[in-house]
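Following: one structure in structure tokens, then a few remarks.
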Amino acid sequence: MEKFIRCLPKVELHLHIEGSLEPELMFELAERNGISTPYSSVDEARSAYHFHNLQSFLDIYYQGANVLITERDFFDLTWAYMLRCKADNVMHTEIFFDPQTHTDRGIAFDTAINGIYHALRQGEKELGITSQLIMCFLRHLSEDAAFETLEKAKPHLNRLVGVGLDSSELGHPPEKFQRVFAEARALGLKTVAHAGEEGPPSNIRDAINLLHVSRIDHGVKCSEDPELAKELAISRMPLTVCPLSNIKLRVFDKMADHNILNLLNQGLCVTVNSDDPAFFGGYMTDNFIALNNALSPSPQQLAQFTRNAIEASFVSEERKKEMM
Ligand code: ADE
Ligand code: ZN
Numbered sequence: 001m002e003k004f005i006r007c008l009p010k011v012e013l014h015l016h017i018e019g020s021l022e023p024e025l026m027f028e029l030a031e032r033n034g035i036s037t038p039y040s041s042v043d044e045a046r047s048a049y050h051f052h053n054l055q056s057f058l059d060i061y062y063q064g065a066n067v068l069i070t071e072r073d074f075f076d077l078t079w080a081y082m083l084r085c086k087a088d089n090v091m092h093t094e095i096f097f098d099p100q101t102h103t104d105r106g107i108a109f110d111t112a113i114n115g116i117y118h119a120l121r122q123g124e125k126e127l128g129i130t131s132q133l134i135m136c137f138l139r140h141l142s143e144d145a146a147f148e149t150l151e152k153a154k155p156h157l158n159r160l161v162g163v164g165l166d167s168s169e170l171g172h173p174p175e176k177f178q179r180v181f182a183e184a185r186a187l188g189l190k191t192v193a194h195a196g197e198e199g200p201p202s203n204i205r206d207a208i209n210l211l212h213v214s215r216i217d218h219g220v221k222c223s224e225d226p227e228l229a230k231e232l233a234i235s236r237m238p239l240t241v242c243p244l245s246n247i248k249l250r251v252f253d254k255m256a257d258h259n260i261l262n263l264l265n266q267g268l269c270v271t272v273n274s275d276d277p278a279f280f281g282g283y284m285t286d287n288f289i290a291l292n293n294a295l296s297p298s299p300q301q302l303a304q305f306t307r308n309a310i311e312a313s314f315v316s317e318e319r320k321k322e323m324m
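Here the sequence shown is numbered in the UniProt record's numbering, starting from 1 and rising by one per residue.
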């Protein structure tokens, strides 16, 4: 089955590019930029990656991004991820970046987006991997800060397929960003939002009804509201589920308890994704293998995750047909 999984064509729809920063590259960039890290070695960094909830991860994740200074740093980060996609047989990827994590440190919006964008284009040219870029607002920051970020994005609209909402879900419900998401949609951007990762099922409903999202990122808490789960199945609202992330952040105690297969069997459009692979122990193939080891899905079910991701992707119908 491992061979089947390695060879299975994959589509990733939930990946924070800053969360693909491996400790080795973090140290390389720290040295290149004359910056110190809180860790004395790669091993020490990896052994610090133990989390008890989302916030305990976010604190370490934002600190890691401090080594990203130049356009070349953002390029190198993204290129390393594209090579991983190639190794994992990922045909298409839709990645997030968090501009506020960088602009709040004095790094220009353009520096971040230029580096990321050029690596994505090179990935398409040299590796044949298509991609899209989604800019996320940090939900622990203010609505005003999100509007300022949207303003900075305006010269780059042709490089962005949509906007998303990430960071601390508890205490920062979707309604806080209703107006900024409305403006993003008026600019022609699609919308997605993290909801129902740690937060209640009502955040999923609100992301759909108030933010008019095309996909829910995570969404696994929908099973606490069976009526909602039924509605998600009927509407085929995609959920970008991240199995290893959910275990590392203690959303489920162990992979055998994960609800992704139940959701698939109920007809929901669930997909498999890696979220922050450098912190959670693996990329796309690793996530599929972890699911396989704990839940023994059939080959048909594994392939259905890819079909669902193609259905949920923001690519042309022509590219969808090519990937199906
Ligand atoms: N930012 C990076 N990873 C995240 C996650 N799993 N949830 C919310 N915000 C994030
Ligand atoms: Zn995420």
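Backbone N, C-alpha and C fix where the C-beta goes; we use that ideal spot for every residue, glycine too.
Keep in mind the model is a prediction, meaning the values are calculated, not measured.
Own chain residues within Cβ distance below 6 Å of residue i, not counting five before or after
i    : result
M284 : K10, E12, D88, V90, S274
F96  : H16, I134, C136, G164
F75  : G115, H118, A119
F109 : P99, T103, K152
Residue j beta carbon less than 8 Å from that of residue i
i    : j    : result
Q100 : A145 : yes
I129 : C85  : yes
I60  : N292 : no
E143 : V180 : yes
K19  : D276 : Sequence check: residue 19 is Gly here, not Lys. Their beta carbons are under 8 Å apart, which means G19 touches D276 by this criterion.
G219 : I204 : yes
S214 : V192 : yes
A80  : L157 : no
E14  : M323 : The residue asked about is misnamed: residue 14 is His in this sequence, not Glu. Not closer than 8 Å, so no.
A278 : L58  : no
L263 : L239 : yes
P201 : E231 : no
F288 : S245 : no
Q266 : A290 : no
Whole-angstrom C-beta distance between residue j and residue i, which should lie under 8 Å
i    : j    : result
R139 : K190 : The Cβ separation is near 18 Å, so there is no contact.
S313 : E94  : 6 Å
V272 : P243 : 7 Å
L133 : L160 : 6 Å
T70  : T111 : 7 Å
N115 : D166 : Sequence inspection shows Gly at residue 115; the Asn mentioned does not correspond to that position. Going by Cβ atoms, the distance from G115 to D166 rounds to 20 Å, so no, they are not a contact pair.
M255 : A294 : 3 Å
L54  : L268 : Actually they do not touch by this definition, with Cβ atoms about 22 Å apart.
V251 : E197 : 7 Å
I113 : N66  : Not quite, the Cβ-Cβ distance comes to about 18 Å (not below 8 Å), so this is no contact.
Coarse secondary structure for residue i, derived from DSSP in three states
i           : result
residue 325 : Because residue 325 is not part of the residues shown, which for the chain are 1 to 324, the question remains open.
L77         : helix
T37         : coil
L25         : helix
R139        : coil
R236        : coil
A108        : coil
I129        : coil
D43         : helix
L210        : helix
V315        : coil
E2          : helix
L120        : helix
E198        : coil
L15         : strand
Cutoff 8 Å; reference residue i; Cβ partners in own chain excluding five residues on either side
i    : result
G199 : E169, L170, P173, K221
Q63  : P38
L211 : L165, P174, F177, Q178, F181, T191, A193
R46  : P23
I260 : V220, V241, P243, V270, V272, L291, L295
E183 : F147, L150
L68  : E18, L21, L29, F74, L77, H102, I107, A112
7 Å Cβ shell around residue i - same chain, five flanking residues per side excluded
i    : result
T306 : L8, P9, K10, V11
L127 : M82, K86
A207 : P174, A193, A195, V213, I216
Y117 : L133, R159
F147 : V180
P297 : L261, L291
Cβ-heavy atom distance, residue i to ligand 4, below 7 Å
i    : result
D166 : Ligand 4 is not among the ligands present in this structure, which contains only ligand 1 and ligand 2.
- Every unbroken alpha helix (DSSP H) within the region 45 to 104, with a cutoff of 4 residues, ordered by chain: 54 to 64, 71 to 87, 99 to 103
- Query: In chain order, which continuous runs of the beta strand (DSSP E) of length 3 or greater are located wholly inside the region 251 to 312?
  - Reply: 270 to 272
- Query: What are the start and end residues of each continuous beta strand (DSSP E) run of 3 or more residues lying completely inside the region 143 to 179, in chain order?
  - Reply: If we require 3 residues or more, the beta strand (DSSP E) runs fully inside the region 143 to 179 come out as 162 to 166.
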